[in-house]
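All you need for the working numbering is the position in the sequence shown, starting with 1, plus 518.
In this text, a Cβ means the ideal position worked out from N, Cα and C, and glycines have one as well.
Remember, predicted model here, so these are calculated numbers, not experimental data.
Here's the structure, in structure tokens; my notes come after.
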Amino acid sequence: MQLSVLTETAPRETRVAIAPDSISRLKKLGLDIVVQQGAGLAAGFRDDAYVAAGARIAADAGATLSGATIVAKVQPPTDAEIALIPSGATVIALMRPGHSGGLAAKLMARGATGLALELVPRITRAQSMDVLSSQATVAGYKAVLLGAEMLPKFMPMLTTAAGNITPAKSFVIGAGVAGLQAIATSRRLGAVVSAFDVRPAVREQVQSLGATFVASELAAPGSETAGGYAREQSSDEQARTLAAIANHIKDVDLVISTAQIPGKPAPRLITEPMVRSMRAGSVIVDIAAETGGNCDLSKPGETIVFHEVTIAAPLNLPSTVPFHASQMFGRNIFELLKPHIKEGKFVLNPNDEILGKMILKS
Numbered sequence: 519m520q521l522s523v524l525t526e527t528a529p530r531e532t533r534v535a536i537a538p539d540s541i542s543r544l545k546k547l548g549l550d551i552v553v554q555q556g557a558g559l560a561a562g563f564r565d566d567a568y569v570a571a572g573a574r575i576a577a578d579a580g581a582t583l584s585g586a587t588i589v590a591k592v593q594p595p596t597d598a599e600i601a602l603i604p605s606g607a608t609v610i611a612l613m614r615p616g617h618s619g620g621l622a623a624k625l626m627a628r629g630a631t632g633l634a635l636e637l638v639p640r641i642t643r644a645q646s647m648d649v650l651s652s653q654a655t656v657a658g659y660k661a662v663l664l665g666a667e668m669l670p671k672f673m674p675m676l677t678t679a680a681g682n683i684t685p686a687k688s689f690v691i692g693a694g695v696a697g698l699q700a701i702a703t704s705r706r707l708g709a710v711v712s713a714f715d716v717r718p719a720v721r722e723q724v725q726s727l728g729a730t731f732v733a734s735e736l737a738a739p740g741s742e743t744a745g746g747y748a749r750e751q752s753s754d755e756q757a758r759t760l761a762a763i764a765n766h767i768k769d770v771d772l773v774i775s776t777a778q779i780p781g782k783p784a785p786r787l788i789t790e791p792m793v794r795s796m797r798a799g800s801v802i803v804d805i806a807a808e809t810g811g812n813c814d815l816s817k818p819g820e821t822i823v824f825h826e827v828t829i830a831a832p833l834n835l836p837s838t839v840p841f842h843a844s845q846m847f848g849r850n851i852f853e854l855l856k857p858h859i860k861e862g863k864f865v866l867n868p869n870d871e872i873l874g875k876m877i878l879k880s
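Here it is as structure tokens:
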């Protein structure tokens, strides 16, 4: 069996699907690893690190894909890459299901199968395979660093010869994986942290990280899906949520918004009047920009200033920390493959509770 690792060509993508630290473990599964020349350079991994770990280096995409049983990528394969994929191969990547422009049909026409990493089910057995969670950890961490850089004040409390400096107030909207990491990072930087989420189950997690849970009366049973995500709110629920956020946001310095609903546009939780109510010099980092953003004023991929408030809507934050993001990504793929390689073969059972849900369908 051959696992082929391609160089990513999508704009802003600096990660690689498999880092050198996963090579030896993958080889123990019986896989021969072929890595395209330079695939890991943008993430900080030279070709010789892959060779030392036991991989082979191929000169280009064609040579890398020749003989592939499994293809590992971060971003969806391009048409040019699909044309080189051997019939019968399985492609594992973030596939943007529902927004992939016929990607499943193109792979099927080539005789290949696509496994969408976004569709790893949220069950206990699959936690170690969950790429969305590992990459959300990176995004939540980096969002706070971006916000701290743009703030015109210190994050921590300081005692100086010029007097005491009060700590900044950080407010995290959405306490999923990214939000919890944003809370933890804000706390490490010394901010006073508060957080909001509609799911009552996360209140204890927020408080265990040293943050205040805002408007806990709005966190009601039934506000999350079976997979643990927040469900879409009714108009009445949304009105109460917006009122709670508006009441709190005017007194904070940094807002990290992370709220998303799988398969739907991000909920709009920060309105223009809310931004107008914020202090001059405040910062919003909207990491839900990939699905439209939580702030009405966010422009995905841009940073703007409105009413003396900086609003950043970065895209693909994990690629700004590519070394560790790639290591985490590769470990997720290893954990995904491990239980499904049996007697020297990758067994793709469409009835499997994990792989069956990941198969990309047209």
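Across the structure, Glu826 and Arg797 are spaced so that their CA atoms are roughly 8 Å apart. For His617, the number of other beta carbons within 10 angstroms of its own is below 16, and it is reported as exposed. Lys546 sits exposed, since fewer than 16 C-beta atoms from the chains shown fall within 10 Å of its C-beta. Taking a cut-off of 8 Å on C-beta distances, the stretch 635 to 647 does not touch the stretch 812 to 820, as fewer than three cross pairs fall below it.
The shortest CA-to-CA distance from Ser726 to any of Leu707, Val732, Ala702, Phe714 is the one to Ala702. Of the candidates Gly572, Glu599, Val592, the residue whose Cα lies closest to the Cα of Gly580 is Glu599. Taking all protein chains in view, the Cβ of Leu559 is surrounded by fewer than 16 other Cβ atoms within 10 Å, so the residue is classified as exposed. Along the stretch 749 to 778, the alpha helix (DSSP H) occurs as fully enclosed runs of 4 or more residues at 753 to 767, listed in sequence order. Counting every other CB atom within 10 Å of its CB across the protein chains shown gives Ile551 a total of 16 or more, marking it as buried.
Going by DSSP, Gln653 is part of the alpha helix (DSSP H) stretching over 649 to 668. Minimum Cα-Cα distance from Ser775 among the listed residues Asp870, Asn765, Ala830 corresponds to Ala830. When the alpha-carbon of Thr789 is set against those of Met519, Ser584, Ala764, the nearest one is in Ala764. The C-beta of Val865 has fewer than 16 other C-beta atoms within 10 Å across all chains shown, which makes the residue exposed.
Lys782 is classed as exposed because its beta carbon has fewer than 16 other beta carbons within 10 Å across all chains shown. Under a 10 Å Cβ-count criterion, Gly681 is classified as exposed, with fewer than 16 other Cβ atoms of the shown protein chains found around its own Cβ. Going by DSSP, Asp804 is part of the beta strand (DSSP E) stretching over 801 to 804. Beyond the five residues adjoining it in sequence on each side, Gly728 comes within less than 6 Å, by CB distance, of Arg705 in the same chain, given in chain order. Of the candidates Ser712, Leu602, Pro670, the residue whose Cα lies closest to the Cα of Leu583 is Leu602. The stretch 665 to 683 and the stretch 691 to 699 do not touch, with fewer than three beta-carbon pairs separated by less than 8 Å.
Val695: member of the alpha helix (DSSP H) spanning 695 to 706, first to last residue.
Ile610 carries a strand assignment under DSSP once its states are collapsed to helix, strand and coil. With a cut-off of 8 Å on Cβ pairs, the stretch 636 to 645 is not in contact with the stretch 833 to 844, counting fewer than three such pairs. Residue range 676 to 678 is occupied by the beta strand (DSSP E) that includes Thr678.
Under a 10 Å Cβ-count criterion, Ser522 is classified as buried, with 16 or more other Cβ atoms of the shown protein chains found around its own Cβ.
Taking 8 Å as the cut-off, the beta carbon of Ile802 is found no closer than this to the beta carbon of Pro832. Scanning the stretch 533 to 618 for uninterrupted beta strand (DSSP E) segments of 3 residues or longer gives 550 to 554, 574 to 576, 588 to 590, 608 to 611, listed from N- to C-terminal end.
Ile588 sits away from Ala567, with the two beta carbons spaced by 8 Å or more. With a threshold of 16 other beta carbon atoms within 10 Å, Ile822 falls short and is exposed. Here the alpha carbon of Pro868 sits roughly 37 Å from the alpha carbon of Lys660. Distance from the CA atom of Ala654 to the CA atom of Leu664, rounded to whole angstroms, is 15 Å. Secondary structure note for Gln520: its beta strand (DSSP E) is the uninterrupted segment 520 to 523.
By DSSP's assignment, Asn682 forms a beta bridge with Thr677. Ser753 counts as exposed, since fewer than 16 other beta carbons sit within 10 angstroms of its beta carbon. Between the beta-carbon of Leu625 and that of Leu873 there is about 15 Å, and that puts the pair past the 8 Å contact cut.
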